[in-house]
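Engineer: What follows is a structure written as structure tokens; I'll ask about it next.
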DNA sequence: ATGGCGCGCGCAGCGCGA
């Protein structure tokens, strides 16, 4: 089973890239973030023609997440139970016996800002939610744009980014708290090329210069992590015309 | 000095992202 995650930064704009990528990389399930559209505008027809069912938690202009799957999706859940939040950042579903939780973590804007406080509170609620999901589902994958670079090796210039949003210690502690639930960062279970990133700023030719961050992740519960055979970033779509600023990440799981 | 790029919205230029 192949599970992928991709922040498409507007599904309307990126649908051709997504369809091309799915043809070349037929993942069994895909978590999408930053749809920037409501479900009424979701391209169900095009994705069904490509062989994918979809569960959608849409929002106009901002946020919006979906789970695509070759098999029908079951037990769809939207948002974090008990958290009052107008922003559509979470969707969960069961696909092929695996529970998938797909998330778009708040950006946080700047350390010390209101949005940063919202991000840290949101991550604390996420932790509590995932603790419950782990207890209920031995095979659990968490896909998404976490908006946290977990360690300095995930940052092109750790000195430049030291203490900045996406890299600050409270954000990294919140990420570690997810790992302490028992979730594994699939990417770091395997040898990887140095300077492997998933996001590059549109400005300053950041992609060409590989000035990136690794902020998109696939986490797996212990039983699922044991089955993880590979995890990789695919930088190919970032090279296209009008790309998303994020690259997709894929993890493969055996029986 | 303090933007750079790309998106949505909506038709100018701003808020937002990371």
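Numbering (our numbering), first residue to last: 239 to 493.
Using N, Cα and C, we set each Cβ at its ideal position, and we do this for glycine too.
#1: How would you write the range of the beta strand (DSSP E) that residue 440 sits in, first residue to last?
#2: Can you give me the C-alpha to C-alpha distance between residue 352 and residue 300, rounded to a whole angstrom?
#3: By DSSP's criteria, residue 392 is part of a beta bridge. Which residues make up the other side?
#4: With residue 505 as the anchor, note down where its beta strand (DSSP E) starts and where it stops.
#5: Locate the alpha helix (DSSP H) running through residue 282, then write down its first and last residues.
#6: Could you tell me which residues DSSP puts in a beta bridge with residue 470?
#7: Give me whichever residues DSSP pairs with residue 271 in a beta bridge.
#8: Can we say the stretch 469-480 touches the stretch 254-271, given the rule of at least three CB pairs closer than 8 Å?
#9: With a 10 Å radius around its C-beta and 16 neighbouring C-beta atoms as the bar for buried, classify residue 450 as buried or exposed.
#10: Throw me the rounded Cβ distance for the residue 316 and residue 305 pair, which I believe falls under 8 Å.
Structural biologist: According to the structure data:
#1: What you label residue 440 is simply residue 202 of the first chain in a count that begins at 1. Residue 440 -> no beta strand (DSSP E), and no H or E assigned at all.
#2: Against the first chain, residue 352 aligns to sequence position 114. Against the first chain, residue 300 aligns to sequence position 62. One C-alpha to the other measures close to 18 Å.
#3: Within the first chain, residue 392 is the residue found at index 154, counting from 1. In DSSP, residue 392 forms no bridge with anything.
#4: Since the displayed the chain opens at 239 and closes at 493, residue 505 lies outside it and no answer follows.
#5: Within the first chain, numbered from 1, the residue matching residue 282 stands at position 44. Run containing residue 282: 282-287, per the alpha helix (DSSP H) assignment.
#6: Here residue 470 refers to the residue found at position 232 when the first chain is read from its first residue. According to DSSP, which records beta bridges pairwise, residue 470 is partnered with 488.
#7: Counting from 1 along the first chain, the entry for residue 271 is found at position 33. In DSSP, residue 271 forms a bridge with 245 and 303.
#8: At 8 Å Cβ cutoff, the stretches touch.
#9: For the purposes of this step, residue 450 is taken as the residue at position 212 of the first chain. Taking a 10 Å sphere around the C-beta of residue 450, we find 16 or more other C-beta atoms and assign the residue as buried.
#10: Taking the first residue of the first chain as 1, we reach residue 316 at position 78. Taking the first residue of the first chain as 1, we reach residue 305 at position 67. For residue 316 against residue 305, the beta-carbon gap comes to about 11 Å, at or over 8 Å, which does not count as contact.
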